[in-house]
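Going by my numbering, the sequence shown opens with residue 344, and the numbers climb by one from there.
Backbone N, C-alpha and C define an ideal beta-carbon position, used for all residues, glycine too.
None of the values given here were measured: they were computed from a predicted structure.
Have a look at the structure below, then the notes.
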Amino acid sequence: MEREYILSILYDLTLTIGGETQLDTLFRQVLQRLLYHTAFPAGLVLTDNKTEGAATYCRIATVVGDHLLEQRSGQKVELPATLTDNSIELLNATALPADLNINEKYHYCLKLPIDDTSLILLLSPHKPTSKLPLTQIFKPVLANLSRSILLCRNSEQLTRTLESDRDQARSDLAIALERSEHERSLLQASEQRFKLAMCAANDGLWDWNLQTNEVYYSPRWKSMLGYEDHELENAFSTWEQLVKADDKTKTLALIDDCMVGKSDGFETEFRMRHKAGHWVFILSRAVMVRDNKGQPVRMAGTHVDISERKAAERAKMEKEKAEATAQAKSQFLANMSHEIRTPLNGVLGLAKMGERENSLEQSHELFQQIGTSGQHLLNVVNDILDFSKIDAGKLVVENQPFMLMTSVDNAVNLIRNQAEEKHLLFHVDVAEKLPPWVKGDALRLEQILVNMLSNAVKFTEHGEVNLRVLAQDGNLLFRVSDTGIGMSENQLAQLFKPFEQADSSTTRRFGGTGLGLAISINLAKIMGGDIQATSRMYEGSEFILTLPFVPAEQVNEPHAPVTPTTGGRLQGVRLLAAEDVDINRLILEDLLMEEGAQVIFAENGQQALKLLQEQGVSNFDLVLMDVQMPVMDGYEATRRIQEMAPGLPVIGLTAHALEKERERCFAAGMVDHVTKPIDPERLIATIQRHITRRSYAP
């Protein structure tokens, strides 16, 4: 019976606690079953409160009969030592704290220590009766209960751990989701900014997935080649078909370098065919994306249309090349002019000296022919220089008042002898009521008229040459007609082209460079006019120069001293001339002394300065200064003369005839510039002009 009684209690408790995982529920159910089997009317379950101290417990459950009065009230109580040891015993209930002994109606307390953390108290007003000792009944019960409580606590701990892990996982997931959403928003914003940047930068975008071989080309990528988005397939072959073959090999080599790890990207230029058929210059930038093993997974980049930049670069290169060519040509012409003019100055000067000093008719005529040939050569050189200036756009014309008939007479007088030598009638007809003064470039007008008149005389064997000057419709017209060989329509079409003449036989028969009329028509257009020509074969030609008719007021020139027209025009003038070439010194001395001047020569600029210092600045009225000389050139010598005697005029003598050389002379302090071969009349007039204006302090 005793064994069966204990087994029945164990069986009942086993059923009660089996599978229970909640500790509070387990305690309540065990307490209720113990009260049932022992006939105790009430019971308490206490657990050790480790945070408050070893003797402090919290009430878990209070049961009276079948009624649960409270569960986990959280009430904290301190127990006497008799209640906290590990023995099973029946105690006097008066040992209980007053708040555990309800209304102090319980006198007996059965203490059942489950383990070192839990305690069951069974209460009764009467001393319980039992056929067996209490320890025999409850010892196995409590041992079994202790194991269940341990399992229950482990289960709760595991549950709490799982719940904590679950809560942490939920928290981590929530944070991850929040972060993912934030990153997605950032990515969308970044993509939007990238798209806006691509649109603003006008760049095309491409993306090549190396794992799937899929390629994306943006609409802008396609539109810069003239295609709509749907017109080009998103495939690598699209680029291969459109890129120029000469550029494809180079670009594929750059891609291969990225594939094998030699580089992580590239920047290159190539040409792609536009839908319209022309080539578009593309600047391509690419970057390689690799996985964590370093293997290439995709390549992306941009395309930029740089056709305009390339065109600008080509234009700049062509301009620089043209400028370099023009500079080289200008330098060549300058050097050529200098090298020809220097000996030509000697030829013309000696011819003039021989013509003047030889009275024999045969010798006189011989020197005259030498001078004529030299002048012809000089005219050729001048034509080439004028043409080079026009071709470079550097020829400048003046717009100053001048006497119209003086310029006409100057041109006519240069040609009249040629006409008389060929026994041609030479007529000049000037309309009435033309103003004596007009505005323009007198020298260039004379140059055009001389060219037109000399051509008329050159190509006329018999008959006459006529010049008619008149005003019509606000223009001045200069009509030059002849009865010469004439021209066909085809010859007229080539007439004003440089280096062209009527035909090759004309060149052989009459000579010439073919530049005269080309220069003349360009000069006319620069001055706002034009030249027209009409002709019939074997009947003659007519050239009409048209220039704007701008009347001008008379200009009062300073009165020059009255001097004879030939010889003695420089009587008493004291000159210092710096010239390094012997023959040029000889010619200058003959010319200047013939005109009555006193001349002292220096062979270079340094000698000229020394003579001024030794003889005194006041002993000279003017300095003639060659430009290219050894030891000290004319530019440096002129600058030092200006420091020594600021008012002493210096006239440059140079075989350089280009405008920049003239400007360089003025920049050095020279008052004028006379080119070689020296025109005696011009040199004398220039000297006279600057002597009359001289006012310096010695």
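Less than 8 Å between the beta carbons of K1022 and D969, yes or no? Correcting the residue identity first, residue 1022 is Asp in this sequence and not Lys. Their beta carbons are not under 8 Å apart, which means D1022 does not touch D969 by this criterion.
Spatial distance of L890 from R1005 (CA atoms): 27 Å
In the region 618-688, which residue ranges form an unbroken beta strand (DSSP E) of at least 3 residues, counting only runs that do not cross its ends? 622-633, 639-648
Below 8 Å on the Cβ atoms is my guess for V773 versus V808; work out the distance and round it to an integer in Å. Going by Cβ atoms, the distance from V773 to V808 rounds to 15 Å, so no, they are not a contact pair.
Minimum Cβ-Cβ distance from T1029 to chain B less than 8 Å: Among the chains in the structure shown there is no chain B, since it carries only a single protein chain.
At least three beta-carbon pairs within less than 8 Å, the region 1012-1030 to the region 981-995: yes
M972 burial status per 10 Å Cβ neighbour count (16 or more: buried): buried
Suppose the cutoff is 7 Å on Cβ atoms and the five residues either side in sequence are ignored; what does the same chain contact list for R879 look like? G829
Taking the straight line between their C-alpha atoms, what separation do you get for L934 and I713? 18 Å
Secondary structure of H766, DSSP reduced to three states: coil
Within the chosen definition, does the region 506-523 reach the region 446-463 through at least 3 CB pairs nearer than 8 Å? no
State yes or no: is the C-beta of M631 within less than 8 Å of the C-beta of V586? no
Under DSSP, the beta strand (DSSP E) around Y559 begins and ends at which residues? 557-560
Note down the Cα distance separating R490 from L366, rounded to an integer number of angstroms. 12 Å
Buried versus exposed call for S467 [16 or more other C-beta atoms within 10 Å across all chains shown]: buried
Just confirm the distance between the C-beta atoms of V1017 and H1033, as a whole number of angstroms; I'd bet it's less than 8 Å. V1017 to H1033, Cβ: 11 Å. No contact.
Less than 8 Å between the beta carbons of V603 and A578, yes or no? no
Identify, in the order they occur along the chain, each residue of the same chain with its Cβ nearer than 8 Å to the Cβ of F781, setting aside the five sequence neighbours on each side. It should be pointed out that residue 781 corresponds to Val in this sequence rather than to Phe. Contacts found: P744, F745, L747, L819, F892, V893, P894, A895.
Of all the options E937, E946, Q375, L356, which has the alpha carbon lying nearest to the alpha carbon of E700? E937
Using the Cα positions of E804 and L786, report the straight-line distance between them to the nearest angstrom. 29 Å
Taking all protein chains shown into account, decide if V690 is buried (16 or more other Cβ within 10 angstroms of its Cβ) or exposed. buried
Reduced DSSP category for T803 - H, G, I as helix; E, B as strand; rest coil: coil
My assumption, with CB atoms under 8 Å, is that A438 sits in contact with Y449. Please give the rounded CB distance. Not quite, the Cβ-Cβ distance comes to about 11 Å (not below 8 Å), so this is no contact.
Buried or exposed for H646, going by 16 or more other Cβ atoms inside 10 Å? buried
The beta strand (DSSP E) with N818 in it runs from where to where? 818-825
Simplified DSSP state of R523, which is helix, strand or coil: Position check: residue 523 holds Ser in this sequence, whereas Arg was assumed. Correct three-state label for S523: helix.
Which of the three DSSP states, helix, strand or coil, is assigned to A876? strand
Do the region 750-760 and the region 855-873 meet, that is, are 3 or more Cβ pairs less than 8 Å apart? no
Identify, in the order they occur along the chain, each residue of the same chain with its Cβ nearer than 6 Å to the Cβ of A920, setting aside the five sequence neighbours on each side. L931, V942, F944, L967
Shortest alpha-carbon distance to V407 belongs to which of Q372, Q500, L433? Q372
CB of S461 within 8 Å of CB of T390, strictly: yes
What are the boundary residues of the beta strand (DSSP E) that includes Q375? Run containing Q375: none in the beta strand (DSSP E); it sits in the alpha helix (DSSP H), 366-381.
Which same chain residues, not among the five before or five after D964, have their C-beta less than 6 Å away from its C-beta? V916, R917, I1034
Use the C-beta contact count for P1020: other C-beta atoms within 10 angstroms, 16 or more gives buried, fewer gives exposed. buried
Got a sec, what are the start and stop residues for the beta strand (DSSP E) I887 sits in? 883-891
Check whether Q956 and V974 have beta carbons under 8 Å apart: no
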